[in-house]
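K.L.:
Protein chains: 2
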Amino acid sequence: MIMEKGISSVEVLPSKSSQVTAVKVVVKEPETKQTQRGKRVGFVLVHAGAGYHSESKAKEYKHVCKRACQKAIEKLQAGALATDAVTAALIELEDSPFTNAGMGSNLNLLGEIECDASIMDGKSLNFGAVGALSGIKNPVSVANRLLCEGQKGKLSAGRIPPCFLVGEGAFRWAVDHGIPACPPGIMATRFSLAAFKRNKRKLELAEKVETDLIQLKKRRQSNEKGSRVMCRTCGRPSKANDGSRGGDQIELYSLENDSGTLDTVGAVVVDQEGNVAAAVSSGGLALKHPGRVGQAALYGCGCWAENTGARTPYSTAVSTSGCGEHLVRTILARECSCALQTEDAHQALLETMQNKFIGSPFLANEDGVLGGVIVLRSCRCSAEPELSQEKPTLLVEFLWSHTTESMCVGYMSAQDGKAKTHISRLPPGAVAGQSVAIEGGVCRLESPES
Amino acid sequence: MIMEKGISSVEVLPSKSSQVTAVKVVVKEPETKQTQRGKRVGFVLVHAGAGYHSESKAKEYKHVCKRACQKAIEKLQAGALATDAVTAALIELEDSPFTNAGMGSNLNLLGEIECDASIMDGKSLNFGAVGALSGIKNPVSVANRLLCEGQKGKLSAGRIPPCFLVGEGAFRWAVDHGIPACPPGIMATRFSLAAFKRNKRKLELAEKVETDLIQLKKRRQSNEKGSRVMCRTCGRPSKANDGSRGGDQIELYSLENDSGTLDTVGAVVVDQEGNVAAAVSSGGLALKHPGRVGQAALYGCGCWAENTGARTPYSTAVSTSGCGEHLVRTILARECSCALQTEDAHQALLETMQNKFIGSPFLANEDGVLGGVIVLRSCRCSAEPELSQEKPTLLVEFLWSHTTESMCVGYMSAQDGKAKTHISRLPPGAVAGQSVAIEGGVCRLESPES
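So the protein lines, in turn, are chains A and B. Residue numbers for the first sequence follow our numbering, so the first one is 1 and each next one is one higher. Residue numbers for the second sequence follow our numbering, so the first one is 451 and each next one is one higher.
As structure tokens, then:
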């Protein structure tokens with residue numbers, strides 16, 4: 001639950017399920033010098049990953065979220081587009097060694113960093129994405145540049161500009177477009193290298209057990225009688241099973257997902273014109289296969305932004321985080337955006353996380369469904385009459401929801417002095433992968449021209 | 451319109467728009483030796499691309515579609531899974547030098563072949579995909595192997611198996627899983643190399659004109675007066691415009707899209723158990739940037755397959771073709787699948803092509819929206835009582851629709867002696883990119899166990 005400066009009322013919503021914690025936070029912006037007429041407005045919500053964030057590192061996660069919010073707001077105050085503001089927030093998140101994006105990303109099986117990132121502009125509905133990109137410090141910059149180039153229309157000889165580039169081709173395109181290559185070895189940090197070594201050791205042990213089990217199975221089949229294998233961590237004898245990939249013993253060697261390095265960072269922004277943008281960036285899963293591309297690069301899965309239109313009363317922006325394969329197969333970003341067009345944003349998001357994510361038939365065979373989203377929606381209306389003023393305002397509702405142990409978020413409006421941050425956690429007793437936490441707030445922004 | 455052997459009635463549907471040609475074809479399967487009890491059943495629908503298919507090469511396109519159908523049906527008759535049958539069809543389509551997939555794919559800017567392919571299993575809802583893959587003769591085989599490996603559960607040390615691999619990493623994974631590398635130079639054909647050379651020349655000319663125009667613009671700005679530039683194809687003087695990428699003159703050098711090499715091949719299958727599968731494969735756009743990935747690799751965009759479930763009365767399978775960026779931004783395969791859950795499949799697909807593709811707000815800035823789909827849906831029911839028998843049957847409705855000049859399709863049931871093929875064309879006067887053609891049929895299959 002959020003109880004920070006600047007929040008004037010907290011409404012705890014009745015939970016429909018023991019597995020759900022639902023908190024609604026109403027944020028009233030204090031009157032400051034910055035709310036003067038003519039001051040540019042806007043709002044940003046960022047996340048530093050849905051996963052597990054240890055209390056010991058909470059300060060670092062909150063700090064990077066705070067800085068990311070400030071960068072986006074500085075851009076908005078300077079009159080930048082929503083896409084440029086969301087890119088600025090992402091660059092700050094990527095540059096942190098504590099997040100699994102850009103600098104400090106998880107290393108793949110070969111000890112290399114390959115990043116995914118994407119961005120979507122709610123106004124033009126254009127999209128830019130990179131997958132399995134190496135050698136560029138800020139993958140989101142390449143995604144944003146692809147989006148910008150795509151908006152210029154066709155290339156010479158009527159060629160359609162690409163919106164999604166991967167691997168070496170993406171790297172070449174970036175360098176050709178003036179984005180500097182990052183010298184080798186810069187992006188791996190002391191933390192990510194240490195985690196890689198520990199994970200590689202675990203993998204070797206797990207594969208050794210697997211080999212032992214396969215040999216054991218063969219002996220069993222030939223002898224037609226049972227046998228036992230020693231567990232390599234606890235030393236106790238344990239029954240071999242017939243799982244095609246080694247069975248339960250292997251779980252003893254499951255890779256660590258270090259605090260904060262689980263997956264993905266992201267941001268959603270609404271600018272003074274009411275235009276929305278969303279972006280996402282990820283180093284992917286630890287020890288992933290080279291060339292593996294996750295949700296952060298995939299249209300509809302990693303982020304979504306859509307301005308209000310004929311069939312959409314609200315502008316919506318969404319960024320996702322968590323297990324890439326789960327987020328891809330549920331096309332979760334777009335699914336959330338569609339759901340947010342109904343009246344009650346909180347209820348719509350909760351139902352989406354319960355029915356279209358945890359309860360999705362596309363993930364029916366998964367043990368647990370791990371992910372998180374940040375969303376915002378905005379409209380130029382007065383949804384809460386008691387707060388209405390004569391001036392037209394931009395109503396921004398923002399929410400975050402996750403099925404992982406925790407999710408670190410930060411948010412700020414252009415009228416704020418500083419960002420607010422929060423580590424959201426599942427309630428005690430809730431099971432990660434099977435429960436949903438959901439929180440958020442409402443922010444009313446004055447139109448600069450009002 | 452289809453008027454081939456095996457089709458007993460053709461119903462021309464009233465067109466709601468002058469831009470639409472809508473033909474419904476009802477296919478009654480003739481009683482043959484192959485409809486005996488115990489014979490395995492199933493149905494396949496394939497396409498060799500939505501684009502422009504010249505009359506002069508019509509025979510080749512039809513022939514490869516026919517062979518692809520036969521390969522799938524042979525697999526189904528041998529009791530293979532729907533995914534294996536659809537893979538067999540795709541391999542045949544990829545191996546043809548006339549299609550833009552596998553062998554004979556379009557070459558990219560560097561003269562290399564980089565392929566995209568994906569497959570989806572309606573039963574498990576699993577998905578496998580590769581993007582920007584070089585050096586493998588049949589990209590769909592790698593996608594299918596990724597799908598199969600994904601169904602085996604987690605990898606050692608609890609790692610999540612990848613469902614989407616790109617570039618060099620995808621190649622390495624394929625070779626490590628026993629899929630042979632293709633020797634360099636084998637996949638480019640005489641046709642594709644000749645088209646590459648012609649396109650490169652056009653690109654050079656277009657870029658020369660663009661450079662001239664930029665210089666002209668600079669001179670204009672400094673002189674503050676108009677000027678003229680000579681058109682390099684017709685030799686006539688023409689006004690330069692201020693388009694940031696060279697303007698209308700460039701269109702004179704637009705790349706050719708050779709007959710049949712526009713984009714993508716695909717197939718949809720239903721097997722004897724009623725399980726559906728869909729697959730798609732593409733060499734991508736001519737002279738694409740290296741690393742560019744199109745709809746054929748992207749979840750929800752290139753193909754979709756979903757067995758009947760609690761919320762889905764019909765099993766559906768979809769495969770798309772056309773301009774990758776258009777198909778991605780509309781997530782067209784999944785959109786069609788969702789629409790097909792309403793009663794009238796023909797009307798649902800027509801509305802989807804009109805409202806969610808041509809009329810999509812995501813493509814509002816495009817001159818023309820180019821694409822095509824093949825779809826099938828099936829259920830174990832008796833939708834047309836006059837045809838009902840005492841035995842339970844599998845009702846299969848199949849359709850194809852395109853906004854391109856033409857689309858080449860083939861279809862066959864396990865009860866057929868041979869496949870039927872057809873080149874569907876927009877009606878005279880219809881404008882490619884703005885009009886929809888839609889045709890299809892109904893096929894009733896006896897259950898083998900009935």
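Ideal Cβ placement from N, Cα and C applies to all residues, glycine included.
Three-state secondary structure (DSSP) at A:Thr261?
P.N.:
Reliability of the predicted coordinates at A:Thr261 is poor, the pLDDT of 45 falling under 50, and the value obtained from them is presented with this limitation in mind. Correct three-state label for A:Thr261: coil.
K.L.:
Cβ closer than 9 Å: which chain B residues qualify as neighbours of A:Ile331?
P.N.:
Tyr749, Gly750, Ile781, Arg784
K.L.:
Beta-carbon of B:Trp623 versus every beta-carbon of chain A: anything under 8 Å?
P.N.:
By this cut-off, B:Trp623 is an interface position.
K.L.:
Might you give, ordered along the chain, the residues of its own chain that have their beta carbon closer than 7 Å to the beta carbon of A:Gly368, omitting 5 neighbours on each side?
P.N.:
Ala432, Gly433, Gln434
K.L.:
Among A:Ile113, A:Val140, A:Ser54, which residue has its Cα nearest to the Cα of A:Leu193?
P.N.:
Considering only alpha carbons, the answer is A:Ile113.
K.L.:
Can you tell me where the beta strand (DSSP E) holding B:Phe569 begins and where it ends?
P.N.:
This sequence places Ile at residue 569 of chain B; Phe is not what is there. Run containing B:Ile569: 565-571, per the beta strand (DSSP E) assignment.
K.L.:
By alpha-carbon positions, which one of B:Lys868, B:Leu559, B:Leu790 ends up nearest to B:Lys650?
P.N.:
B:Leu559
K.L.:
Give the residues of chain B in contact with A:Ser281, contact being defined as C-beta atoms less than 8 Å apart.
P.N.:
Ordered by position in chain B, no residue passes the 8 Å Cβ test against A:Ser281, which lies about 17 Å from the chain.
K.L.:
Grab me the residues of B:Leu495's own chain with a C-beta within less than 6 Å of its C-beta, minus the 5 sequence neighbours each way, in chain order.
P.N.:
Val718, Ile824, Leu826, Phe848, Tyr861
K.L.:
Output, in sequence order along the chain, the residues in the region 592-621 of chain B whose CB is closer than 9 Å to any CB in chain A.
P.N.:
Gly600, Gln601, Lys602, Gly603, Lys604, Leu605, Ser606, Ala607, Gly608, Arg609, Ile610, Pro611, Pro612, Cys613, Phe614, Leu615, Val616, Gly617, Glu618, Gly619, Ala620, Phe621
K.L.:
Given a cut-off of 8 Å on the beta-carbon distance, is the pair A:Leu426 and A:Gly371 in contact?
P.N.:
no
K.L.:
Compute the distance between the beta-carbons of A:Val276 and A:Gly42, then report whether it is under 8 Å.
P.N.:
Against a cut-off of 8 Å, the Cβ pair of A:Gly42 and A:Val276 comes out as no contact.
K.L.:
Smallest Cα separation from A:Val396: which of A:Cys443, A:Glu92, A:Leu146, A:Ala188?
P.N.:
A:Cys443
K.L.:
How about B:Val819: is its C-beta nearer than 8 Å to some C-beta of chain A?
P.N.:
no
K.L.:
Can you look up B:His776 in the DSSP assignment and give me helix, strand or coil?
P.N.:
helix
K.L.:
Step through the CB atoms of chain B and report whether any lies within less than 8 Å of the CB of A:Phe398.
P.N.:
no
K.L.:
For chain B, check one thing: does any of its Cβ atoms lie closer than 8 Å to the Cβ of A:Glu60?
P.N.:
no
K.L.:
Please report the distance separating the alpha-carbon of A:Lys154 from that of A:Pro161.
P.N.:
6 Å
K.L.:
Please state if the CB of A:Ala132 and the CB of A:Val293 are separated by a distance shorter than 8 Å.
P.N.:
yes
K.L.:
Report all residues from its chain with a CB closer than 7 Å to the CB of B:Asp794; omit the five preceding and five following residues, and keep chain order.
P.N.:
none
K.L.:
By the 10 Å Cβ neighbour count, where 16 or more other Cβ atoms means buried, how is A:His177 classified, buried or exposed?
P.N.:
exposed
K.L.:
Considering Cα atoms alone, identify which of B:Cys751, B:Ala755, B:Gly578 is closest to A:Glu455.
P.N.:
No answer is possible for residue 455 of chain A: it lies beyond the span of chain A, which begins at 1 and ends at 450.
K.L.:
To test your reading of the DSSP string, which unbroken alpha helix (DSSP H) runs of 4 or more residues are found completely within the region 796-870 of chain B?
P.N.:
none
K.L.:
Measure from the C-beta of B:His796 to each C-beta in chain A and report whether the shortest distance is under 8 Å.
P.N.:
no
K.L.:
What are the partner residues of A:Phe127, as DSSP defines its beta bridges?
P.N.:
DSSP, once it has assigned bridges, lists A:Met120 as partnering A:Phe127.
K.L.:
Run through DSSP, which three-state label would B:Val491 get?
P.N.:
coil
K.L.:
Taking its Cβ as the centre, do 16 or more other Cβ atoms sit within 10 Å of B:Ser771, making it buried, or is it exposed?
P.N.:
buried
K.L.:
Look at A:Cys336 and A:Thr352 and say whether their C-beta atoms are less than 8 Å apart.
P.N.:
yes
K.L.:
Work out the CA separation of B:Gly501 and B:His872 for me, nearest whole Å.
P.N.:
14 Å
K.L.:
Nearest chain B C-beta to A:Ala432 closer than 8 Å, yes or no?
P.N.:
no
K.L.:
Taking the alpha carbon of A:Ala181 as the reference point, which residue from A:Asn307, A:Val166, A:Ala437, A:Val142 has its own alpha carbon closest?
P.N.:
Ranking the options by Cα distance to A:Ala181, first place goes to A:Val142.
K.L.:
Could you have a look at A:Ser192 and say whether DSSP puts it in helix, strand or coil?
P.N.:
helix
K.L.:
Would A:Thr342 be called buried (16 or more neighbouring beta carbons within 10 Å of its own) or exposed?
P.N.:
exposed
K.L.:
Under 7 Å, CB to CB, which of the residues in the region 654-675 of chain B have a partner in chain A?
P.N.:
Ala656, Glu657, Glu660
K.L.:
Ends of the alpha helix (DSSP H) at B:Leu619?
P.N.:
Note on identity: in this sequence residue 619 of chain B is Gly, with Leu being the wrong assignment. For B:Gly619, the enclosing alpha helix (DSSP H) stretches over residues 617-626.
K.L.:
Out of curiosity, what's the CA-to-CA distance linking A:Pro139 and B:Leu777?
P.N.:
Distance between the alpha carbons of A:Pro139 and B:Leu777 is about 24 Å.
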